[in-house]
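Asker: As you go down the protein sequences, you meet chains A and B in turn.
Heads up: the first sequence begins at 1 in this note's numbering, then just goes up one per residue.
Heads up: the second sequence begins at 333 in this note's numbering, then just goes up one per residue.
2 protein chains.
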Amino acid sequence: MKKITLLGAGCWGVTLGALLFKKGYSINFWEYDEKKAEELIKKRTLKRLPHLKLDKEIKISTDLEELLRESEILIFAVPSQVFRETAKKALIHLGEKIELIISATKGLERKTCSRMSEILKKEFPENLKNKIAALSGPSHAEEVSQEFPTAVVIASENEEVLTQAQKIFFSPFLRVYTQKDIIGVEFAGAAKNVYAIASGISDGLNLGDNSKAALLTRSLAEMQRLGEKIGAKKSTFLGLAGVGDLVVTCYSRHSRNRQFGELIAKGKEKEKALQEIGMVVEGFYTVESLCQLAEEKNVELPIAKEIYQILFLKKDCRLSMRDLLSREMRAE
Amino acid sequence: MKKITLLGAGCWGVTLGALLFKKGYSINFWEYDEKKAEELIKKRTLKRLPHLKLDKEIKISTDLEELLRESEILIFAVPSQVFRETAKKALIHLGEKIELIISATKGLERKTCSRMSEILKKEFPENLKNKIAALSGPSHAEEVSQEFPTAVVIASENEEVLTQAQKIFFSPFLRVYTQKDIIGVEFAGAAKNVYAIASGISDGLNLGDNSKAALLTRSLAEMQRLGEKIGAKKSTFLGLAGVGDLVVTCYSRHSRNRQFGELIAKGKEKEKALQEIGMVVEGFYTVESLCQLAEEKNVELPIAKEIYQILFLKKDCRLSMRDLLSREMRAE
Numbered sequence: 001m002k003k004i005t006l007l008g009a010g011c012w013g014v015t016l017g018a019l020l021f022k023k024g025y026s027i028n029f030w031e032y033d034e035k036k037a038e039e040l041i042k043k044r045t046l047k048r049l050p051h052l053k054l055d056k057e058i059k060i061s062t063d064l065e066e067l068l069r070e071s072e073i074l075i076f077a078v079p080s081q082v083f084r085e086t087a088k089k090a091l092i093h094l095g096e097k098i099e100l101i102i103s104a105t106k107g108l109e110r111k112t113c114s115r116m117s118e119i120l121k122k123e124f125p126e127n128l129k130n131k132i133a134a135l136s137g138p139s140h141a142e143e144v145s146q147e148f149p150t151a152v153v154i155a156s157e158n159e160e161v162l163t164q165a166q167k168i169f170f171s172p173f174l175r176v177y178t179q180k181d182i183i184g185v186e187f188a189g190a191a192k193n194v195y196a197i198a199s200g201i202s203d204g205l206n207l208g209d210n211s212k213a214a215l216l217t218r219s220l221a222e223m224q225r226l227g228e229k230i231g232a233k234k235s236t237f238l239g240l241a242g243v244g245d246l247v248v249t250c251y252s253r254h255s256r257n258r259q260f261g262e263l264i265a266k267g268k269e270k271e272k273a274l275q276e277i278g279m280v281v282e283g284f285y286t287v288e289s290l291c292q293l294a295e296e297k298n299v300e301l302p303i304a305k306e307i308y309q310i311l312f313l314k315k316d317c318r319l320s321m322r323d324l325l326s327r328e329m330r331a332e
Numbered sequence: 333m334k335k336i337t338l339l340g341a342g343c344w345g346v347t348l349g350a351l352l353f354k355k356g357y358s359i360n361f362w363e364y365d366e367k368k369a370e371e372l373i374k375k376r377t378l379k380r381l382p383h384l385k386l387d388k389e390i391k392i393s394t395d396l397e398e399l400l401r402e403s404e405i406l407i408f409a410v411p412s413q414v415f416r417e418t419a420k421k422a423l424i425h426l427g428e429k430i431e432l433i434i435s436a437t438k439g440l441e442r443k444t445c446s447r448m449s450e451i452l453k454k455e456f457p458e459n460l461k462n463k464i465a466a467l468s469g470p471s472h473a474e475e476v477s478q479e480f481p482t483a484v485v486i487a488s489e490n491e492e493v494l495t496q497a498q499k500i501f502f503s504p505f506l507r508v509y510t511q512k513d514i515i516g517v518e519f520a521g522a523a524k525n526v527y528a529i530a531s532g533i534s535d536g537l538n539l540g541d542n543s544k545a546a547l548l549t550r551s552l553a554e555m556q557r558l559g560e561k562i563g564a565k566k567s568t569f570l571g572l573a574g575v576g577d578l579v580v581t582c583y584s585r586h587s588r589n590r591q592f593g594e595l596i597a598k599g600k601e602k603e604k605a606l607q608e609i610g611m612v613v614e615g616f617y618t619v620e621s622l623c624q625l626a627e628e629k630n631v632e633l634p635i636a637k638e639i640y641q642i643l644f645l646k647k648d649c650r651l652s653m654r655d656l657l658s659r660e661m662r663a664e
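#1: Note down, one range per segment and in chain order, each alpha helix (DSSP H) of at least 4 residues found wholly within the region 519-607 of chain B.
#2: Could you list which residues in chain A have their beta carbon closer than 9 Å to that of Thr347 of chain B, in chain order?
#3: DSSP state of Lys278 of chain B, grouped into three classes?
#4: Could you run through the region 130-143 of chain A and flag, in chain order, every residue whose CB is less than 9 Å away from some CB of chain B?
#5: How would you write the range of the beta strand (DSSP E) that Ser117 of chain A sits in, first residue to last?
#6: Would you mind telling me which residues of chain A sit closer than 9 Å to Phe644 of chain B, beta carbon to beta carbon, in chain order?
#7: Is it the case that the Cβ atoms of Val526 of chain B and Gly615 of chain B are separated by a distance below 7 Å?
#8: Report the option in B:Asn630, B:Ser658, B:Glu620, B:Glu627 whose CA atom is closest to the CA atom of Leu645 of chain B.
#9: Out of B:Val612, B:Gly532, B:Ala341, B:Ser471, which one is the CA nearest neighbour of Asp365 of chain B?
#10: What span of residues does the alpha helix (DSSP H) with Arg175 of chain A cover, start to end?
#11: For Thr437 of chain B, which of B:Gly571, B:His586, B:Gly469 has the nearest alpha-carbon?
#12: Excluding the 5 residues preceding and the 5 following Lys3 of chain A in the sequence, name in chain order all residues of the same chain whose CB lies nearer than 6 Å to its CB.
#13: Consult DSSP for Ile642 of chain B and reduce its assignment to one of helix, strand or coil.
#14: Taking His383 of chain B as the reference, which of B:Leu595, B:Arg585, B:Ala473 has the closest Cα?
#15: Are the region 289-308 of chain A and the region 369-386 of chain B touching, with three or more C-beta to C-beta distances below 8 Å?
#16: Do you know offhand how far Cys291 of chain A's Cα is from Ala522 of chain B's?
#17: Does the beta carbon of Leu207 of chain A sit closer than 7 Å to a beta carbon anywhere in chain B?
#18: With a cut-off of 8 Å, do at least 3 Cβ pairs link the region 248-256 of chain A to the region 535-550 of chain B?
#19: Relative to the C-alpha of Asn28 of chain A, which candidate in A:Cys11, A:Arg48, A:Ser61 has its C-alpha closest?
#20: Interface residues of chain B around Leu49 of chain A at Cβ under 7 Å?
#21: Using a C-beta to C-beta distance shorter than 7 Å, which residues of chain A count as neighbours of Val575 of chain B?
#22: Taking Cβ to Cβ, would you say Ala465 of chain B is nearer than 7 Å to Ala497 of chain B?
#23: Out of curiosity, what's the CA-to-CA distance linking Ser531 of chain B and Leu94 of chain A?
#24: Can you give the Cα-Cα distance for Lys355 of chain B and Lys385 of chain B, rounded to whole angstroms?
#25: For Val152 of chain A, name the three-state secondary structure that DSSP assigns.
#26: Based on the DSSP output, what are the partners of Ala28 of chain A in its beta bridges?
#27: Looking at Ser255 of chain A and Ala196 of chain A, is the spacing between their C-beta atoms short of 7 Å?
#28: What number of angstroms, rounded off, separates the C-alpha of Lys565 of chain B from the C-alpha of Ser219 of chain A?
#29: Can a CB atom of chain D be found closer than 7 Å to the CB of Ser534 of chain B?
#30: If we ignore side chains and look at the alpha-carbon of each, how far apart do Pro149 of chain A and Phe237 of chain A end up?
#31: Give the DSSP bridge partners of Ser435 of chain B, in chain order.
#32: Cβ atoms of Leu338 of chain B and Gly345 of chain B: under 7 Å apart, would you say?
#33: Would you mind telling me which residues of chain A sit closer than 9 Å to His425 of chain B, beta carbon to beta carbon, in chain order?
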């Protein structure tokens, strides 16, 4: 069976690795952080995924060269803000056998506002550009690792890549749908984390189920509005990578972005809230890019803008929510 | 101020009546059930809405003639299956002053599959047909009655009616958006109750957040597919009356349809489950119409069909969910 290297041994990466190992693939993990790698080698599990055990045949290392020489499939599961440097490092050691490169990271790079597959296309040579796919959809690792039924989306402009990637991930409890709109899939997957922070703030302020649903509806409209301006398809936002992922991230107790918003609403300083969650809160980094993109494309994003003001300009949460909810009466 | 008669003194009717009274309208309630009317006259509140008190100036009666003679605005908040007979009764006594007729009921009539405004158009004379509107959106009475911020939709084909109805309901905590697509608004408001039963079943079987989000995504697609075939606009399903109301009904602890599904999944007989909830579970009646409409219009609704089979053909919930989740791999 094919050799797969996973870059990043966080919850999602480890979950995917365990799933693919069970399907018979040869699995390697690369982890940047030596301490984390050592701990994973020793314990073979993560604190947040107590049900999961990585088999001893799965290799975990901080040495990219050794891992990548023979790899046929590469899966990125690193935080979005270190995606580009990881891609650059990986490229140096990438062997001849590589046939598929998949991003399982959801976010937008700061400053450039790039999607993850855009970074790959920018950094990787011509012969690799048509081997790229993105994995998205409502898929909390806590549940996938316990084999709860889950449906995900694999996106690529290349039909062959789609078919190949679909077969790799497919399993009895994981349904994999294909999508040609990689722009929409990646953009929605990044943006929803920002709106999950808004949902968390609504939870923290006890605004109730009605206004949380209204907020989610408006969030979806915002995502779609800006998404279309950058080339995404409208219909993608109605699918698993759009509304599906948005709903799970806004409503699940597993969602760190939602949880972060809740802590903020309860008066916690953002640094302390990030620390308390102890894992990367992608929406915290994405909100800046989202607002920047909106300005470039001349699109209004009232909710994202309020989240930015709360997190970076110390605007009061309550005031933000009041401002959002009291915008003038009008047609939908 | 104008005289409003509310037909039906259930949770939603009573909530709307209290809100409109506070805005200065003269409010009358008509309640079919004498015992319920007497209790409401005495207690001035409903068990499920302990925070709410109806002012003594609000009249509650079972005598339609007396109430309707001077009414200028009529609001229907009766269950969908008694909507037509209520409309027929009301028509007999309707005075000359009537200028607006609003349906706040969400459902489809059995056998005819009619939306509530369709029933009104069928039963009412020509001069009243252009005074009709429908109220919808994510608005659990338990929260609106406590003045939690809420956003609703008022729908009508008539611009003047829209503006008038928007002004009637608007209040500092209730934002009212207008929508010209009354077909989409009413159809979505009815269909979502069926899909909330599906969500409840997923909850009852502990299928997890990932599959619940996938189920909601597919539910929205089903609603939209059939909705478009009966003349609804696609975009309506992305709005408050579509995804907004669907989300709140699938996720809120206040939702009786969700709760009903949960009880069914836990093995309760449907009659006992209906009894335990003690209020009308609209989705239970709507599922039949939904499946009938789907057959007439030649649209596939896998989720609604499974709910029908569970409720009326004794199909096992677990088997239904497995069948839904194991449909063949394909593009979104």
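C-beta atoms are modelled at their ideal positions from N, C-alpha and C, and glycine is treated no differently.
Quick caveat, the model's predicted, so the values are computed rather than measured.
Answerer: In this structure, then:
#1: 541-561, 577-583, 588-597
#2: Ordered by position in chain A, no residue passes the 9 Å Cβ test against Thr347 of chain B, which lies about 11 Å from the chain.
#3: Shown here, chain B extends from 333 to 664; a query on residue 278 of chain B therefore has no answer.
#4: Gly137, Pro138, Ser139, His140, Glu142, Glu143
#5: Where Ser117 of chain A is concerned, there is no enclosing beta strand (DSSP E), although the alpha helix (DSSP H) it sits in stretches over 116-123.
#6: By Cβ distance, chain A contributes nothing, its closest Cβ being about 25 Å from Phe644 of chain B, past 9 Å.
#7: yes
#8: B:Glu620
#9: B:Ala341
#10: Looking at the DSSP string, Arg175 of chain A is not in any alpha helix (DSSP H); the run it does join, the beta strand (DSSP E), is 174-179.
#11: B:Gly469
#12: Ser26, Glu70, Ser71, Glu72
#13: helix
#14: B:Ala473
#15: no
#16: 37 Å
#17: yes
#18: yes
#19: A:Ser61
#20: Neighbours of Leu49 of chain A on chain B: none; closest Cβ ~14 Å, over 7 Å.
#21: Thr217, Leu220, Val243
#22: yes
#23: 45 Å
#24: 15 Å
#25: strand
#26: Note that residue 28 of chain A corresponds to Asn in the displayed sequence, not to Ala. BP columns for Asn28 of chain A point to A:Thr5, A:Lys59.
#27: yes
#28: 20 Å
#29: Annotation note: the requested chain D is absent from the structure, which comprises protein chains A and B.
#30: 22 Å
#31: B:Phe408, B:Ala466
#32: yes
#33: Residues of chain A passing the Cβ test: none, with the nearest at roughly 33 Å.
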